[in-house]
Amino acid sequence: MKMDTKVLVIGANGQLGSVLTKELRKKYTIENVVASDLKENDNQKGIFEIIDATDRNRIQEIVERYNITQIYHLAAILSAKGEETPLATWDINMKTLFNVLEVSRNNNIDKVFFPSSIAVFGEGAPLENTPDDAYLNPATVYGISKAAGENWAQYYFMRYGLDVRSIRYPGVVGYQSMPGGGTTDYAVDIYHKAVLKEEFNCFLKEDVTLPMIFMDDAIRATIELMEAPKESITVRTSYNIAGISFSPEEVVTEIRKLYPDFKVNYKPDFRQEIASRWPSSIDDASAIKDWGWQPEFNLKAITEIMVQKLQEKYKKGMPNKEILTF
Ligand code: SER
1 MKMDTKVLVI
11 GANGQLGSVL
21 TKELRKKYTI
31 ENVVASDLKE
41 NDNQKGIFEI
51 IDATDRNRIQ
61 EIVERYNITQ
71 IYHLAAILSA
81 KGEETPLATW
91 DINMKTLFNV
101 LEVSRNNNID
111 KVFFPSSIAV
121 FGEGAPLENT
131 PDDAYLNPAT
141 VYGISKAAGE
151 NWAQYYFMRY
161 GLDVRSIRYP
171 GVVGYQSMPG
181 GGTTDYAVDI
191 YHKAVLKEEF
201 NCFLKEDVTL
211 PMIFMDDAIR
221 ATIELMEAPK
231 ESITVRTSYN
241 IAGISFSPEE
251 VVTEIRKLYP
261 DFKVNYKPDF
271 RQEIASRWPS
281 SIDDASAIKD
291 WGWQPEFNLK
301 AITEIMVQKL
311 QEKYKKGMPN
321 KEILTF
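Numbering (our numbering), first residue to last: 1 to 326.
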């Protein structure tokens with residue numbers, strides 16, 4: 001057992017990665033967390049290395065150079081974006097995962113985190129209170145890659161004893177970073193438009209209810225799962241976690257309490273098809289039982305925080321919307 005925890009975050013510029021990296025640096029100190037992504041990001045202080053995770057040798061080199069003991073592999077092409085180039089999405093999502101699993105196995109990495117998603121569900125799974133072990137019948141290439149990835153995570157645990165842990169994230173809503181290419185991303189964009197006093201064109205129907213989670217809850221869940229004693233982890237594919245469930249019209253109702261003139265046009269596109277096959281609520285009994293999961297933020301709290309933080313940010317002058325790290 002190595003003494004110090006040395007963390008490598010792959011995909012550290014992304015929606016979750018940028019916030020998680022900050023939190024991990026608070027927890028393990030700035031010297032013990034290596035952020036990596038395809039491009040440098042000046043928004044955070046700390047060690048940064050360019051890694052294209054399709055290049056296994058590059059991951060190996062960085063793991064050796066920093067004596068890495070934990071890897072968070074967050075790089076992936078998401079649900080909506082992935083549909084533009086299905087085979088390339090499969091290649092990228094799977095190749096990067098295999099590279100991380102192989103490097104981890106060969107270097108005796110203590111723990112690996114692999115994010116999965118509600119996108120693993122589809123026809124055949126109950127739409128309400130979908131359990132962990134529901135039938136997986138994903139309809140997007142992203143969902144297929146996550147369902148396969150979960151099984152590979154479990155395989156590496158069973159076959160090689162590699163301690164891979166995983167969460168099926170609901171749609172993540174946060175003010176700290178911009179998402180990219182997801183179906184649940186409307187629930188971030190809508191707050192930006194409200195605060196900017198712009199109209200919002202919603203690509204989903206008003207009444208499609210999806211499982212969502214506030215960023216702070218998502219980050220806390222990740223760290224709680226990674227800190228849980230190994231013996232208590234009973235799900236080696238991926239844990240369902242629930243935050244809250246809401247539809248676009250429910251968000252609009254909350255936003256209009258603060259911005260009564262907020263205008264929304266519903267223009268559903270192919271993403272509506274994707275969303276219609278996803279659960280509307282999640283049964284997370286195993287996460288509650290195994291590592292004590294409990295979300296803290298409801299829609300009212302999320303809306304108040306999103307609006308307040310984005311107002312502050314826009315007042316200071318809006319940074320580049322592509323990479324937004326607060
Ligand atoms: N937020 C993701 C997406 O919409 C779901 O994991 O693709």
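For glycine and all other residues, C-beta sits at the position ideal for the given N, C-alpha and C.
*Determine the direct distance from the alpha carbon of Gly143 to that of Ala88, and round the result to whole angstroms.*
For this step, residue 88 is matched to residue 88 along the sequence shown. For this step, residue 143 is matched to residue 143 along the sequence shown. Cα-Cα distance, rounded: 14 Å.
*asked:* At a cut-off of 7 Å, would you count Val172 as near ligand 1, judging by its Cβ distance to the nearest heavy atom?
replied: The residue you call residue 172 lines up with position 172 of the sequence shown. Yes; taking the cut-off as 7 Å, the Cβ of Val172 has a heavy atom of ligand 1 nearer than that.
*What separation, rounded to the nearest whole angstrom, lies between the Cα atoms of Thr21 and Cys202?*
Mapped onto the sequence shown, residue 21 falls at position 21. Mapped onto the sequence shown, residue 202 falls at position 202. Cα to Cα, the separation comes out at about 30 Å.
*Thr325 to Phe270, Cα distance in whole Å?*
Position 325 of the sequence shown, counted from the first residue, corresponds to residue 325. Position 270 of the sequence shown, counted from the first residue, corresponds to residue 270. Residue placement at Thr325 is flagged as unreliable, the pLDDT there being 38, under the threshold of 50; a coordinate-derived value is accordingly withheld.
_C-alpha gap between Ile241 and Asn107, whole angstroms_ = In the sequence shown, residue 241 corresponds to position 241, counting from 1. In the sequence shown, residue 107 corresponds to position 107, counting from 1. Approximately 30 Å, taken between the alpha carbons.
*Mark Gln70 as exposed unless 16 or more other C-beta atoms lie within 10 angstroms of its C-beta, in which case mark it buried.*
Within the sequence shown, residue 70 is the residue found at index 70, counting from 1. So Gln70 ends up on the buried side.
*asked:* Would Ala119 and Trp278 qualify as a contact pair, given that the criterion is a beta-carbon distance under 8 Å?
replied: Within the sequence shown, the letter at position 119 stands for residue 119. Within the sequence shown, the letter at position 278 stands for residue 278. Contact: yes.
*asked:* Applying the 10 Å Cβ sphere with the 16-neighbour rule, what's the burial state of Asn32?
replied: Taking the sequence shown and counting its residues from 1, one reaches residue 32 at position 32. Around the beta carbon of Asn32, a 10 Å sphere encloses 16 or more other beta carbons of the protein chains shown; the residue is thus reported as buried.
*Helix, strand or coil for Ile51 per DSSP?*
Numbered from 1 along the sequence shown, position 51 holds the residue referred to as residue 51. Of the three classes helix, strand and coil, the one that applies to Ile51 here is coil, per DSSP.
*Top-ranked residue by Cα proximity to Asn57, from Leu101, Glu23 and Asn93*: What you label residue 57 is simply residue 57 of the sequence shown in a count that begins at 1. Nearest C-alpha to Asn57: Leu101.
*Could you say if the segment 219–237 and the segment 153–161 meet the contact criterion of at least three C-beta pairs nearer than 8 Å?*
yes
*Any heavy atom of ligand 1 within a distance shorter than 7 Å of the CB on Ser238?*
For the purposes of this step, residue 238 is identified with residue 238 of the sequence shown, where counting begins at 1. Ser238: no, Cβ never under 7 Å from ligand 1.
_Within 8 Å, do at least three Cβ pairs link the segment 215–234 to the segment 261–275?_
no
*Who are the Cβ neighbours of Leu258 in its own chain at under 6 Å, not counting the five residues just before and after it?*
Stepping through the sequence shown from its first residue, residue 258 is reached at position 258. Taken in chain order, the residues that qualify are Val307.
*asked:* My assumption, with CB atoms under 8 Å, is that Ala35 sits in contact with Ala12. Please give the rounded CB distance.
replied: By 1-based counting over the sequence shown, the position of residue 35 is 35. By 1-based counting over the sequence shown, the position of residue 12 is 12. Contact flag correct, Cβ pair sits at about 4 Å.
*How would you call Asn93, buried or exposed, if buried means at least 16 neighbouring beta carbons within 10 angstroms?*
Here residue 93 refers to the residue found at position 93 when the sequence shown is read from its first residue. Asn93 is buried by the Cβ-count criterion.
*Pro185: beta carbon under 7 Å from a heavy atom of ligand 1?*
The count along the sequence shown starts at 1 and reaches residue 185 at position 185. Inspection of the sequence shows that residue 185 is occupied by Asp rather than by Pro. Yes, the Cβ of Asp185 comes within 7 Å of a heavy atom of ligand 1.
*Can you tell me whether DSSP reads Met1 as helix, strand or coil?*
Against the sequence shown, residue 1 aligns to sequence position 1. For Met1, the predicted model reports a pLDDT of 42, less than 50, meaning its position is unreliable; a value from the coordinates is still stated below. If DSSP states are grouped into helix, strand and coil, Met1 belongs with coil.
*ligand 1 heavy atoms versus the CB of Gly180: any closer than 7 Å?*
Indexing the sequence shown from 1 puts residue 180 at position 180. Flag unset: Cβ of Gly180 not near ligand 1.
*Inter-residue spacing [alpha-carbon to alpha-carbon] between Thr5 and Ser117*: In the sequence shown, the residue the question calls residue 5 occupies position 5. In the sequence shown, the residue the question calls residue 117 occupies position 117. Here the C-alpha atom of Thr5 lies approximately 27 Å from the C-alpha atom of Ser117.
*From what residue to what residue does the beta strand (DSSP E) around Tyr266 run?*
In the sequence shown, counting from the first residue as 1, residue 266 sits at position 266. First-last of the beta strand (DSSP E) with Tyr266: Val264 to Tyr266.
*Shortest alpha-carbon distance to Phe114 belongs to which of Gly17, Ile51, Tyr135 and Val173?*
To locate residue 114, count along the sequence shown from 1; it is residue 114. The shortest Cα separation from Phe114 among Gly17, Ile51, Tyr135 and Val173 belongs to Gly17.
_Which of helix, strand or coil DSSP assigns to Val100_ = Start at 1 with the first residue of the sequence shown, and residue 100 comes out as number 100. Looking at Val100 - three-state DSSP - the assignment turns out to be helix.
*asked:* Rounded to the nearest angstrom, what separates Glu295 and Trp90 at their Cα positions?
replied: Along the sequence shown, read from residue 1 onward, the residue named residue 295 stands at position 295. Along the sequence shown, read from residue 1 onward, the residue named residue 90 stands at position 90. A small fix is needed here, since residue 295 is Pro in this sequence, not Glu. So the alpha carbons of these two residues sit roughly 31 Å apart.
*For Tyr72, count neighbouring Cβ atoms within 10 angstroms of its own Cβ and tell me buried if that reaches 16, exposed if not.*
Position 72 of the sequence shown, counted from the first residue, corresponds to residue 72. It is buried - the Cβ of Tyr72 has at least 16 other Cβ atoms within 10 Å.
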